[in-house]
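Note sheet for the following structure.
2 protein chains.
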Amino acid sequence: MTNLIDQGKTAGKLVEFSMLQNIAEDDAQHKNDYKMLFQGQGKILLALSDDDNLPQKVLADRLNMTPQSMAEFVRKLEKRDLVSRKKSVDDKRVTIVSLTDNGRLEIEKRMQVIPKYLRALNDEELLQLNNILDKINEQMYLDIKNADSTLHNKYHQLMLNHVLTKIHTND
Amino acid sequence: MTNLIDQGKTAGKLVEFSMLQNIAEDDAQHKNDYKMLFQGQGKILLALSDDDNLPQKVLADRLNMTPQSMAEFVRKLEKRDLVSRKKSVDDKRVTIVSLTDNGRLEIEKRMQVIPKYLRALNDEELLQLNNILDKINEQMYLDIKNADSTLHNKYHQLMLNHVLTKIHTND
DNA sequence: TGTTTTTGTTAGGTATACCTGATTAATTTT
DNA sequence: AAAATTAATCAGGTATACCTAACAAAAACA
Chain A
1 MTNLIDQGKT
11 AGKLVEFSML
21 QNIAEDDAQH
31 KNDYKMLFQG
41 QGKILLALSD
51 DDNLPQKVLA
61 DRLNMTPQSM
71 AEFVRKLEKR
81 DLVSRKKSVD
91 DKRVTIVSLT
101 DNGRLEIEKR
111 MQVIPKYLRA
121 LNDEELLQLN
131 NILDKINEQM
141 YLDIKNADST
151 LHNKYHQLML
161 NHVLTKIHTN
171 D
Chain B
1 MTNLIDQGKT
11 AGKLVEFSML
21 QNIAEDDAQH
31 KNDYKMLFQG
41 QGKILLALSD
51 DDNLPQKVLA
61 DRLNMTPQSM
71 AEFVRKLEKR
81 DLVSRKKSVD
91 DKRVTIVSLT
101 DNGRLEIEKR
111 MQVIPKYLRA
121 LNDEELLQLN
131 NILDKINEQM
141 YLDIKNADST
151 LHNKYHQLML
161 NHVLTKIHTN
171 D
């Protein structure tokens, strides 16, 4: 596997990339926005953007979090007017969490940020990068699926849907 | 600029990529290692790997942090045996921070992680990705430089050196 | 030499992401 | 109907990344 050497090189460049990303986006909240998409409150927003109106319990399961943490984050999101909570009619124990219009906008805003550095690429390179990302992402889907055959982490499945429908379609 | 549309597509895939990365590396500390390379204590380690034996003040300046934060992080790193501190002989006010062997190993370990998803790429694609990352990174260097003409953030300069010498050379 | 500047420390604080334990209220099971 | 399970909440905790204010010691400057 001579390939391993090339992989190593690329790995280095990816670290470099992350580093630079981190520094370059040092300006204010833009960075935070982007970074916080995949943790805590951001994760929840993302999950809801795929599948709205979920009970807290379901969210907690999907995102691999305790219900207590979920309660906390949802409360915080509610305060920021990004989600709303209402009691389920069928089951008065459950609280349904929904995105507010505000929340939906917020997600859109965060996801539509086009990193400035993409300007550096010409059409051909953009196409290449697209294809490469497709392959990489597909590989990760596989890895995730395999690591998760037990299905106990529904989040993975969730993200699969999310991305496949919302992003992949515009190829 | 029709290109904007393609950029948008790619931006989406990059978000997808980050998301998946986040989920796929869900296993234990591997994830944390990688993520924490660019913040707080990790940043400091990285800075020292380029240029060792620095006064705390210099580190604080380069990393855009208050000296107090720096003191805190350095203390934490010392506790973890990743750096050592010694008083400068020339200037008894300054504390010189140095990587321990342990710290050096730690950085190597963290940076040499080859993401599994790179397996999915063949030689040609790996080459393409390499070139693309070069271009993107170069663009970011420019952006950083421009944003930082005042030179008040030496970190950027630092990273420039770091990456150019340590990573770029093996092209 | 006395004042000012610089490096670093101590103390205290904020915010975010999580977690465990205990408890309540609603629903299901027996 | 009583017991067990479930969804959520409250209370309290840990860890990390930062920050400001106040202050001591050393060095530079006047």
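Note that the protein sequences, when read in sequence, are chains A and B. So for the first sequence, the UniProt record's numbering puts the first residue at 1; every next one is plus one. So for the second sequence, the UniProt record's numbering puts the first residue at 1; every next one is plus one. Glycine residues also receive a C-beta, built at the ideal position from the N, C-alpha and C atoms.
- For the pair V94(A) and V83(A), the CB atoms are not nearer than the 8 Å cut-off.
- Taking the Cβ atoms as the reference, G103(B) lies roughly 13 Å from F73(B), outside the contact range of under 8 Å.
- For L77(A), the enclosing alpha helix (DSSP H) has its first and last residue at 67–79.
- With respect to A120(A), K135(B) sits close: the two C-beta atoms are nearer than 8 Å.
- Contacts between S84(A) and chain B, judged by CB atoms closer than 8 Å, are missing: the closest CB pair is about 24 Å apart.
- Not flagged as an interface residue toward chain B: F73(A), since no C-beta distance is shorter than 8 Å.
- Closest by C-alpha distance to L45(B), out of V15(B), L77(B), I114(B), is L77(B).
- Linking K87(B) to V58(B) through their CA atoms gives a straight-line distance of about 14 Å.
- Between T10(A) and chain B, the shortest Cβ-Cβ separation is below 8 Å.
- Taking C-beta separations shorter than 7 Å and ignoring five residues to either side along the sequence, the partners of D81(B) in its chain run T100, N102, following chain order.
- Collapsing the DSSP output to three states places T10(A) in a helix.
- What R119(A) touches in chain B, judged by beta-carbon distance under 8 Å, is Q7, Q139, going in chain order.
- Beta bridge pairing from DSSP links L99(A) with V83(A).
- Listed along the chain, the chain A residues whose CB falls inside 9 Å of the CB of Q41(B) amount to none; the nearest CB is some 14 Å away.
- Contacts between L133(B) and chain A, judged by CB atoms closer than 8 Å, involve T10, K13, L14, E16, F17 in chain order.
- Here the alpha carbons of N64(B) and N137(A) stand approximately 34 Å from one another.
- Taking CB atoms only, L45(B) has no neighbour in chain A less than 8 Å away.
- Distance from D51(A) to D123(B) at the Cβ level is roughly 39 Å; contact not present, criterion being Cβ atoms closer than 8 Å.
- Chain-ordered, the chain A residues with CB closer than 7 Å to the CB of Q128(B) read Q128, I132.
- Separation of the CB atoms of I132(B) and E125(A) is rounded to 5 Å, and the pair is thereby assigned contact status at 8 Å.
- Excluding five sequence positions before and after T66(B), the CB atoms of its chain that fall closer than 8 Å to its own CB belong to A60, given in chain order.
- Per DSSP, Q39(B) lies in no alpha helix (DSSP H) and is assigned neither H nor E.
- Within the region 94–108 of chain A, no residue has its Cβ closer than 7 Å to any Cβ of chain B.
- Nearest Cα to Q56(A) within the set K116(A), L37(A), K92(A): K92(A).
- Around the Cβ of Q68(A), a 10 Å sphere holds fewer than 16 other Cβ atoms; the residue is exposed.
- In the displayed model, L54(A) falls within a strand according to three-state DSSP.
- When rounded, the separation of the alpha-carbon atoms in V15(B) and L37(A) is 9 Å.
- For M111(A), the residues of chain B that pass the 9 Å Cβ criterion are A11, G12, V15, in the order they occur in the chain.
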